[in-house]
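Counted the way the working numbering counts, the sequence shown spans residues 461 to 764.
Glycine included, each C-beta is placed from N, C-alpha and C at the ideal position.
Quantities reported herein were computed from a predicted structural model and do not represent experimental measurements.
Reading through the structure tokens given below for one structure.
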Amino acid sequence: MAQQNYLWMDGKFVRSVDAKVHILTHSLQYGSGIFEGIRCYNTDNGPAIFRLKDHAKRFFNTAKIYRMPLKISISELEAACIGTINKNHLKSAYIRPFAFYKEPGIGFNVSGKTTSVAIAAIEFGPLFGEGQKGIKCMVSSWNRINSTILPAGAKASGNYINSILASQEANAAGYDEAILMSSSGTVAEGPGENIFIVQDNILITPPKSANILLGITRDSIIKIAENIGLQVVERDIRREELYTSDEAFFSGTAAELTPIISIDSRQIANGRQGPVTKMLRDRYAAIVRGEDKEFSNWLTFTKG
Ligand SMILES: Cc1ncc(COP(=O)(O)O)c(C=O)c1O
Numbered sequence: 461m462a463q464q465n466y467l468w469m470d471g472k473f474v475r476s477v478d479a480k481v482h483i484l485t486h487s488l489q490y491g492s493g494i495f496e497g498i499r500c501y502n503t504d505n506g507p508a509i510f511r512l513k514d515h516a517k518r519f520f521n522t523a524k525i526y527r528m529p530l531k532i533s534i535s536e537l538e539a540a541c542i543g544t545i546n547k548n549h550l551k552s553a554y555i556r557p558f559a560f561y562k563e564p565g566i567g568f569n570v571s572g573k574t575t576s577v578a579i580a581a582i583e584f585g586p587l588f589g590e591g592q593k594g595i596k597c598m599v600s601s602w603n604r605i606n607s608t609i610l611p612a613g614a615k616a617s618g619n620y621i622n623s624i625l626a627s628q629e630a631n632a633a634g635y636d637e638a639i640l641m642s643s644s645g646t647v648a649e650g651p652g653e654n655i656f657i658v659q660d661n662i663l664i665t666p667p668k669s670a671n672i673l674l675g676i677t678r679d680s681i682i683k684i685a686e687n688i689g690l691q692v693v694e695r696d697i698r699r700e701e702l703y704t705s706d707e708a709f710f711s712g713t714a715a716e717l718t719p720i721i722s723i724d725s726r727q728i729a730n731g732r733q734g735p736v737t738k739m740l741r742d743r744y745a746a747i748v749r750g751e752d753k754e755f756s757n758w759l760t761f762t763k764g
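Structural data, given as structure tokens:
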């Protein structure tokens with residue numbers, strides 16, 4: 461991260477090197493922070509943040525689920541994201557709003573503790589590298605959290621310990637990424653991505669009941685697919701359906717659309733990006749860069 465990078469913090473811009481917290485910060489010790497991941501893309505009309513309002517809404521929903529009082533309104537959060545892009549003169553970026561209990565102390569009770577909101581924006585390329593080569597995945601021995609244990613639909617820091625375990629396991633075994641099953645034994649999602657398979661030209665993705673995070677990219681893909689007349693089905697996916705799918709891909713703000721070319725060493729789509737994946741991926745890339753007028757209401761221009 462560049463030295464001059466500025467964070468937005470509780471209403472002010474501070475140099476990221478000057479933004480310091482105590483080592484006993486509650487959210488650092490107990491994972492009680494909440495966050496979002498948003499991308500901003502360069503377009504002919506300047507930088508544009510993709511689906512900012514939807515990300516801001518999910519951030520506030522996560523705060524509500526975790527009873528976290530935020531001293532900021534949803535429109536102030538949106539304005540602060542735009543401001544952070546402009547303050548850092550970024551054209552494209554990954555934006556990370558983060559709310560946390562910053563008071564130091566021992567003990568996990570948060571009642572009466574104050575919260576802080578910080579927003580970082582940094583340059584960030586493709587999560588799994590350039591190109592359409594695709595990634596190799598394994599089904600993890602760790603199941604995805606479920607809502608009887610932790611709110612699977614919330615984007616809270618502590619939830620990601622589960623994702624970290626699954627990714628670590630996959631990487632240690634020589635795979636690029638993990639796929640987690642739900643506790644009921646159906647396919648859930650990646651550690652930080654939703655999953656789609658293509659079977660006989662039908663796009664299939666696990667439903668909310670599989671304890672997935674309802675991804676904003678997932679929602680975008682479903683709407684794009686419906687727009688081009690591709691049938692989309694949200695239903696439970698059995699593990700073996702992953703192996704016999706015609707195509708598979710991950711979706712996510714960081715991962716964008718990432719082709720999956722093998723799962724548990726079974727090759728998918730002849731080890732290449734499949735045609736449906738390519739079509740959706742190209743369309744998504746055009747939309748986020750403002751080259752497709754159909755979904756232009758998903759973009760918030762920072763110079764607007
Ligand atoms: C667990 C998990 N699933 C799915 C996603 C994809 O969500 P989105 O498309 O909103 O980035 C993410 C990323 O935020 C995630 O962390």
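8 angstroms Cβ cutoff met for residue i and residue j
i           : j           : result
residue 671 : residue 612 : yes
residue 500 : residue 494 : no
residue 511 : residue 756 : no
residue 640 : residue 604 : yes
residue 728 : residue 595 : no
residue 649 : residue 666 : yes
residue 550 : residue 581 : yes
residue 503 : residue 741 : no
residue 614 : residue 522 : yes
residue 485 : residue 560 : yes
residue 598 : residue 633 : yes
residue 492 : residue 618 : yes
residue 470 : residue 676 : no
residue 481 : residue 531 : no
residue 623 : residue 651 : yes
residue 682 : residue 743 : no
residue 497 : residue 556 : yes
residue 528 : residue 575 : yes
Which residues DSSP lists as bridging residue i, in chain order
i           : result
residue 556 : 580
residue 684 : Residue 684 pairs with nothing; no bridge assigned.
residue 726 : 723
residue 620 : Looking at the DSSP assignment, residue 620 forms no beta bridge with any residue, so it has no partner.
residue 501 : 508
residue 654 : 711
residue 637 : 597
residue 759 : 510
residue 467 : 474
residue 564 : 485
Same chain only: Cβ atoms within 6 angstroms of residue i, ignoring 5 sequence neighbours per side
i           : result
residue 657 : 664, 705, 708
residue 587 : 714, 715
residue 636 : 595, 596
residue 678 : 654, 711
residue 702 : 723
residue 542 : 762
residue 737 : 707, 709, 719
residue 578 : 467, 469, 558
Heavy atom of ligand 1 within 7 angstroms of residue i beta-carbon
i           : result
residue 615 : yes
residue 493 : no
residue 673 : yes
residue 497 : yes
residue 576 : no
residue 713 : yes
residue 649 : yes
residue 483 : no
residue 743 : no
residue 521 : no
residue 657 : no
residue 607 : no
residue 652 : yes
residue 623 : yes
residue 542 : no
residue 556 : no
residue 721 : no
residue 646 : no
residue 525 : no
residue 726 : no
residue 676 : yes
7 angstroms CB neighbourhood of residue i in its chain, flanking five on each side removed
i           : result
residue 516 : 534, 537, 538
residue 629 : 600, 601, 602, 638
residue 746 : 752
residue 606 : 612, 642, 643, 671
residue 525 : 611, 614
residue 568 : 490
residue 564 : 482, 484, 485
Close-in-space but distant-in-sequence residues of the same chain around residue i (CB under 8 angstroms, 5 per side omitted)
i           : result
residue 466 : 473, 474, 475, 476, 544, 547, 548
residue 763 : 505, 506, 507, 546
residue 621 : 491
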